[in-house]
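So the structure is just underneath, and the comments pick up after that.
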Amino acid sequence: MGSVQDAIDKGRAVEESGINASRNELQIVSLLDTIEHHKIDAAIGGARRDEEKAVPKNVLSHRDEFGQWDPKNQPPELWNIFTP
């Protein structure tokens, strides 16, 4: 299991400081390191609808070898395929 603190301790991520500091961006480094370490081919995640309106529609999110997302390179939404 990866952790944000491990990424900070290894110098892979730099923690923000200040009144609006957040560790959210640091989670990306930990996630990508864990996926690489365990040689994971696919991952399933989730998000709350009230946080980002577009996220619940993003069922399959193809990524490149660097973990980057290209919104133009996405499969059609499942409910558009199966809904008459």
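For the sequence shown, our numbering begins at 1031 and goes up steadily by one. Every residue gets a Cβ at the ideal spot worked out from N, C-alpha and C, and that includes glycine.
The alpha helix (DSSP H) enclosing residue i, as first and last residue numbers
| i | result |
| --- | --- |
| Gln1035 | Val1034 to Asp1039 |
| Ile1058 | Leu1056 to His1067 |
Given residue i as reference, the closest of the options once Cα atoms are compared
| i | options | result |
| --- | --- | --- |
| Ala1037 | Ile1049, Gly1048 and Asn1054 | Asn1054 |
| Ser1060 | Gly1075, Ser1047, Ala1073 and Gln1035 | Gln1035 |
| Glu1032 | Asn1103, Ile1058, Lys1040 and Thr1064 | The sequence given here places Gly at residue 1032; Glu does not occur at that position. The shortest C-alpha separation from Gly1032 is found at Thr1064. |
| Gln1057 | Arg1042, Pro1101, Trp1099 and Asp1094 | Arg1042 |
| Gly1075 | His1092, His1067 and Lys1069 | His1092 |
Three-state class that DSSP yields for residue i in the structure shown
| i | result |
| --- | --- |
| Arg1042 | coil |
| Arg1093 | strand |
Pairwise C-alpha distance: residue j and residue i
| i | j | result |
| --- | --- | --- |
| Phe1096 | Val1044 | 19 Å |
| Glu1046 | Gln1098 | 22 Å |
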